[in-house]
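Comments concern the structure below.
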Amino acid sequence: MDRRSFIKLASVAGIGVVGPTAFGENNSLLGGTGRSYAPYDGLYYISVNAGGGWDPTSFCDPKGAAFEDETNRMNNYLTETIEEAGNIRYAPVAGNAAFFQKYFDRTLVINGIDMLTNGHDAGNRHTWSGRLTEGHPSMAAMLAGAYGPQQPLAYLSSGGYSETSGLVARTRTGDNVNALTRLAYPNRMNVDSEDDLFHPETASDLIRSTHEEREAALLASQGLPKIQGAMSTLFAARAGSNELKLLQQYLPETRSDNSLGAQGEIALAAYKAGIGVSASLGVGGFDTHGNHDDNHFPSLQRLTEGLDVIMERAEELGIADKILINVGSDFGRTPGYNDGNGKDHWPITSQLFMGSNIRGNTVLGSSDERHSAIGFNGASLSSDEGSPHLQPGNITASVRKFVGLGDSEFAAQFPLEEEPFDLLG
Amino acid sequence: MRMAVNKRKTLGYTSFACLGLIASMATNACGGDSDAEEQCVSNEQFFKETIMPIAQAKCMACHTTQGQAKNSSFIFQDSAWGPDYIEQNMKVFEQLSKLKFEGNPWILLKPTNEIAHEGAVQFDRDSEEYDAFVAMIDRIDNPVSCDDTDAVEEFFDNVELLDEVATLRKASLALVGRLPTLAEENQVREGGFDALDVVLDGMMTEEVFFDRLIEIYNDRFLTDRYYPGTEGLDLLAGMENEEGDNPTPIYPNMFWFEEEFGDGADGDAISEEDAALRAEAAEFSNKGIARASLELIAHVVRNDLPYTEVLTADYTMVNPFSAKSYGVSPAFETGEYDEFVPVKLPGVPHAGVLTNSIFMSRFPTTVTNRNRHRSRMIYEIFLATDVQRLGERPVDATKIEGFNPTMNDPNCTVCHQIIDPLAGALQNWNDMGWYGPPTTGWYSDMRQPGFGDETLPPGDTTAAVPWVATQIVADNRFAIAPIHILFSGLSGQTPLREPSDVNAEGYLEGLRAHDVQTKIFQEIADEFIESDYNLKVIIKELIKSPYYRAANAYDLDATRLLELKDVGTGRLLTPEQLHRKIEAITGQPWQTGGDDPTPYLLSGAQYRIFYGGIDSDTVVTRVTEPNGIMANTAARMANEMACFTTAQDFALDPSERKLFPYVEPSFQPEDSNNYEIPASAQAIRSNIQYLHQQLLGEFLSVNDPEIDRTYRLFLDLWKDGVSGMAAELEEGEFNPYPTNLAGPCQATTNYWTGEPIPEAQQIVNDENYTVRAWMGVMTYLLQDYRFLHE
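Sequence order for the protein chains is A and B.
In terms of my numbering, the first sequence opens at residue 86 and continues consecutively.
In terms of my numbering, the second sequence opens at residue 11 and continues consecutively.
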């Protein structure tokens, strides 16, 4: 039984199954209608979490010192040294120059986002689900749940808030590619030989078809929703697991030694193989309460170098025009330095988007000289003191609209109070 | 067993649905529930299900400690305040109902603005909300209490629970990674749940149980981040006495094994044997250091000590190797690396886990964090309180102005008034997790060190942590916390949270589910306290609870589906649990070959992370729902273990077999004319029935449809193989059906001893194709839902 038949059977049995139920608008970027059982070739969404609360004033919302010994200065670099790449201003530290000079035309910066919290968990959740309180899936999980929950690596997660709310199975990948190869060919005694099998192909088919019969019987006889859900999740995962072998052919021969880059390589291989829909990646080291510059800048550099690996690999695979990268963090960091030369939690932050189909070379939203948010007029996409602050909910709602889920059943099931704007283009 | 269908007793729940009070209450009440007069709704239930939703919608925007009405006497609390928040809110409601103006209660006059109300009109006299408040006032004057025990039983109506023997099997695999013995099964079969308690007590003395307990607690402590390797040793090696001009190490002997076995410095050659011994000594010393807090939990439970000692113990735990690292000499019985004994370290005012450097380091602090992170984790792990949820509502932190906001600004104090006193009580543990009282005392711009309403007694603060430990264990949340931890550990689920969105679908059903679970957990907590905090009581009571035993349900309508949506432990086994189950049932572990095998599911370099496990470092939450990679991991396991164990089991004497006691490889289901051989077929069916019982916990009749299904699979596999072996091949054509088994699947060597199996018992040839047919059946069962889940 293929996945479509299985899910149909379960539906007839009145059983909720992790299955495709997308009702989003058609979007050419997404490669056709939302409901698809074929290899997924729509938009690939990658969220990148800079874990711990990054400092936008050290990155894409620069605030320098007026002069060298200024007391309570925002940063140790001078305002006059702030650099530009196109319309994007950036702090002259870490690897920012290399990153922005290379990618400014494909980058959208959104500054002055009010997180409404200084808590790590709440901030993470707010950034990646659009909602401060619990209960909503991450944007990446929603997209995977809408457009390809049956894909074996529909939603890869290795960082940040990755709640699925039951929409899709979440997958973690380890670093051992040899182990992954063995798992891609579970019936091969010798993974390099297609003849050296534990069971002949006919036997494997018999075992599989017997499983499918039993699975249908187990589901039909189970009355508790939680156990039904657990069963259907396993059966759905199993039904598409053959495609895992496709991942192997799209991994690079030499893996990146940048952690974020390595995560991205697996994610892009999954997408190129048609078995992935979205990924939540992450890089840590940003919660710099002490010695901010010494500790934060290397983390920023790892982040931008990792993003570079992802973009380069996407180009090599010919999929750079199909990916949307969304970079964010728990919150921002306090204006100025504390007694330990660190920076503490601050609710104003920024997000970045990268991809060929968004408005690049653009900065939306702003903050004042002490990194307080300035109101944002969503209609004109301009800063406006009299308008409310831009919030993560506005951004998530905007992303939903951009990817064709703005008026979907998913959006209705997980509503946001904030309205969408045409932020991404 | 089925539970009787009882009437649900929710008069208030259904009658106010008739008034359309709460939109989500789409129940059948308005049709005229003839059972209404038989139903009983207590004051507490009515307040919680009817008044609280109104309060949340109409009052709590202002009437909270942080709201605009924070200076009034009418303040509501939410569940984050504490387990008694409903009682508190009822008191506040009652107070305002008894305060009257011209004979009318303020509780009615204020929201209708009939007396000045800054919040203006919240509802009118002819509204449903007004009627609800009137009803509550009437209840205050004429209290209604109900027999609470019915509420729990009714909640689980139509839920099928595992009987005692099935519960024993599930618990046995969960606690000790093996199936129950026949004697244990019979004991429980005859003695019921009382006997189950006795058998579980016996199981909780086995060492593998303590391994499981440590796994469960490490999921919270995450101190295995420092184990294995030498990270624990490295952390403590830097601890120095800072008095005088020349600081000296507090534990100069931390790497004692380098001196004893040599470290290869100065070009000295070390023998291979010494190098191996040194490596072992390093590993075991680090284990002693890294696992001290987890071993304290094991020590308390092993010796039936009060669980409070986890925080109040005036000692730490060492093994023979870490004892040498610390420079102490307690007595050991066996001297083995896994023997841990209590010891007092000189100069350390012990307070169990709270004064363990590894635990402290796992939850680090900084000069600005000032132990708040540690305080938050202690609240979470030992007081079942998520402090971050106290401040979950939107905060406009840019408007936080003025001096010292953590002391003075309500946006900040909502959390900081809770965590800062405890943070201050931890003042003697520095940012490295070392004991080092601050020379200038604690911060004067923070709340006084203490806990709750108590402040640390003045004077010598070196015993601050032992003092705060006594405060924590006296808090009534302390008894709830291990229930939450063990509930998650045993069921794979997190305890229910009270729903907060009154407009969400299933709000009332979620409320009811939360209430029932809270009630059950409180009853367990009461028994736990009565037993002098014996943790085994919690384990036994959770295992006997409906949450652990719920297996199926019948005739559930939409409301009941919502109420029961979190009931039932369809729990994917963790990598560690699955590893133990595979060995227990098949007789062999799933691991690499060679002289130093690596268990596949326990190694980060193999499948542990792929299968949803953690490394306690960067991967700290388990994946609890299977995905494609996990399904393939299970498939590979099933294929490999079927290959490795089928012939091996057949090579044993039938009385010693774990898998095939009723059949032999010579038992073919049909003769050459395709007629069934009845005796063989019956034996095959019996063995299949046995395998369903052993591997899947299914006690089925030999003619059950599932037995039929598995028999058909065996038959089809066998026929395919027989026909395949008979097929003529062209020269050079690959033969997928050889008469011999593939090398790894043969049984020529005893797996455990490595000695050759007597030739007459060896299994190399499979000319009947029955061994491979059984391998196929094993593959089928080993990746079944019921093998991978409990």
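Note that CB positions come from ideal geometry on N, CA and C, so glycine has one too.
Remember, it's a predicted structure, so these values are computed and weren't measured experimentally.
Rounded separation between A:W139 and A:G413 - CA only:
When the Cα atoms are used, A:W139 and A:G413 turn out to be separated by approximately 8 Å.
What residue does the alpha helix (DSSP H) around A:Q186 start on, and which one ends it?
N181 to Y188
Run through chain A and tell me which residues come within less than 7 Å of B:K575, C-beta to C-beta.
P310 and K311
Name the chain B residues whose beta carbon is nearer than 7 Å to that of A:P271?
N642, A645, R646 and N649
Closest Cα partner of B:F265 within the set B:F331, B:D234 and B:D314:
B:F331
From B:C755 to B:E537, what distance separates their C-alpha atoms?
If you take the alpha carbons of B:C755 and B:E537, they lie about 52 Å apart.
Which of the three DSSP states is assigned to B:E464 in this structure?
strand
Counted within 10 angstroms of its Cβ, other Cβ atoms place B:Y685 as buried (16 or more) or exposed
exposed
For B:G362, the nearest candidate out of B:E305, B:V630 and B:I592 (CA to CA):
Answer by Cα proximity: B:E305.
To the nearest whole angstrom, what separates the beta carbons of A:A176 and A:F144, a pair I think is in contact under 8 Å?
6 Å
If you measure beta-carbon to beta-carbon, which residues of the segment 279-307 of chain A are closer than 7 Å to chain B?
Those residues of the segment 279-307 of chain A placed with their C-beta closer than 7 Å to a C-beta in chain B are D280, F283, H284, P285, T287, A288, L291, I292, T295, H296, E298, R299, L303 and Q307, ordered along the chain.
Whose C-beta lies closer than 7 Å to the C-beta of B:F488 among residues of the same chain, with five residues either side of it excluded?
When the five nearest sequence neighbours on each side are left out, the beta carbons in the same chain lying within less than 7 Å of the beta carbon of B:F488 are those of F392, L393 and I482, in order along the chain.
Strictly under 8 Å for the Cβ-Cβ distance: is B:R179 near chain A by that measure?
no
For the structure I just gave you, are there three or more beta carbon pairs, one from the segment 336-356 of chain A and one from the segment 308-319 of chain A, closer than 8 Å?
No, the segment 336-356 of chain A is not in contact with the segment 308-319 of chain A.
Which listed residue (B:L572, B:K101, B:N381 and B:P599) has its alpha carbon closest to that of B:P585:
B:P599
Bridge partners for B:W439 per DSSP, in chain order?
B:Y445
Which residues in chain B sit within 9 Å of A:M159, going by Cβ to Cβ distance?
By Cβ distance, chain B contributes nothing, its closest Cβ being about 15 Å from A:M159, past 9 Å.
Can at least three beta-carbon pairs, one atom from the segment 105-116 of chain B and one from the segment 68-77 of chain B, be found at a separation below 8 Å?
no
List the endpoints of the continuous alpha helix (DSSP H) containing A:S516.
With chain A covering only 86 through 510, there is no way to say anything about residue 516 of chain A.
Have a look at A:T287 and B:L723 and give me their C-alpha separation to the nearest angstrom.
12 Å
Quick one: residues in its chain with C-beta nearer than 8 Å to the C-beta of B:T322, no 5 flanking neighbours on either side, listed in chain order?
Closer than 8 Å at the Cβ level, and outside the excluded window around B:T322, lie A361, G362, P476, A479, T480 and V483.
Output needed in chain order: residues of the segment 372-383 of chain A with a Cβ under 8 Å from some Cβ in chain B.
H374 and G375
Quick check: is the beta carbon of B:P7 nearer than 8 Å to any beta carbon in chain A?
Since the first residue shown for chain B is 11 and the last is 800, residue 7 of chain B is missing from the structure and cannot be characterised.
If you draw a straight line from the C-alpha of A:G361 to the C-alpha of A:Y130, how long is it?
In this structure, the straight-line span from the alpha carbon of A:G361 to that of A:Y130 is close to 10 Å.
Kindly provide the ranges of any alpha helix (DSSP H) runs that are 4 or more residues long and lie completely inside the segment 302-344 of chain A, ordered along the chain.
310-324
Applying a beta-carbon distance threshold of less than 7 Å, which residues of chain B neighbour A:A150?
Correct list: empty, because the minimum Cβ distance to chain B is about 21 Å.
Restricting to Cα atoms, I'd like to know which of B:G337, B:Q771, B:E666 and B:K591 is closest to B:G707.
Taking B:G707 as reference, the option from B:G337, B:Q771, B:E666 and B:K591 with the minimal CA-CA separation is B:K591.
Starting from A:M274, find everything on chain B with Cβ-Cβ shorter than 8 Å and list it in chain order.
Contact note: A:M274 reaches chain B through C653, A752 and P754, using a C-beta cutoff of 8 Å and chain order.
Nonlocal neighbours in the same chain, by C-beta distance under 6 Å from B:D234, ignoring five residues either side:
N228 and S626
Verify whether the separation of the beta carbon atoms of B:L583 and B:L496 is less than 8 Å.
no
Please state the DSSP three-state secondary structure of A:R158.
coil
From the DSSP output, in three-state form, read off A:V412 for me.
strand
So is A:P500 in contact with chain B if we call contact Cβ pairs under 8 Å?
No, its Cβ sits nowhere closer than 8 Å to a Cβ of chain B.
Closest to A:L319 by C-alpha separation, out of A:A226, A:Q235 and A:T373, would be which residue?
A:Q235
Option nearest B:T122 by Cα separation, candidates B:S137, B:L109, B:E112 and B:K110:
B:S137
8 Å is my cut-off, CB to CB: does A:G204 come that close to chain B?
Answer yes: the Cβ-Cβ gap between A:G204 and chain B drops below 8 Å somewhere.
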